[in-house]
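Presented below is the structure to which this report refers.
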Amino acid sequence: VTNTIRDGVVAIEEGAWYSPEDAEAGDSFFGNDQRKVRCNSGQVNVLTSSRPTSQMAQATTANTVLVSIKKAGTVSPNVAYNPPKIIGA
């Protein structure tokens, strides 16, 4: 929260790595609806549409998105920046 953004407005930057909550463990912010898993890293794509602007451009259509904000309780850790597991090493 900052006083440089107008009241009622949310600004979020691109570039966060996707780090979903563990919905199967029942930790989803939205209950057991696995289609609505919160990203603990702040990946903006979980809020925006994946519909392209046109068949030619294939750019994203998101310029503004309506969101609601509420305070979260306990969240699972952000593991987006942890090194991957190496199989067979």
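Letter by letter, the sequence shown follows residues 9 to 97 of this note's numbering.
We put the CB at the ideal spot given by N, CA and C, even for glycine.
Query raised in the report: Thinking just about the alpha-carbon of each residue, which of 66, 87, 62 is nearest to the one in residue 24?
Result: 87
Report task. Classify residue 51 as buried or exposed, calling it buried when 16 or more other Cβ atoms lie within 10 Å of its own Cβ. Result -> buried
Query - Between the CA atoms of residue 76 and residue 26 - distance to the nearest angstrom - result: 20 angstroms
Query raised in the report: Out of 60, 66, 21, 82, which has the shortest C-alpha to C-alpha gap to residue 29?
Result: 82
Query raised in the report: From the DSSP output, which residues share a beta bridge with residue 28?
Result: 47
Query raised in the report: Under a Cβ-count criterion, where at least 16 other Cβ atoms within 10 Å of its own Cβ denotes burial, should residue 4 be classed as buried or exposed?
Result: Examination of residue 4 is not possible in this model, given that the chain is present from 9 through 97 alone.
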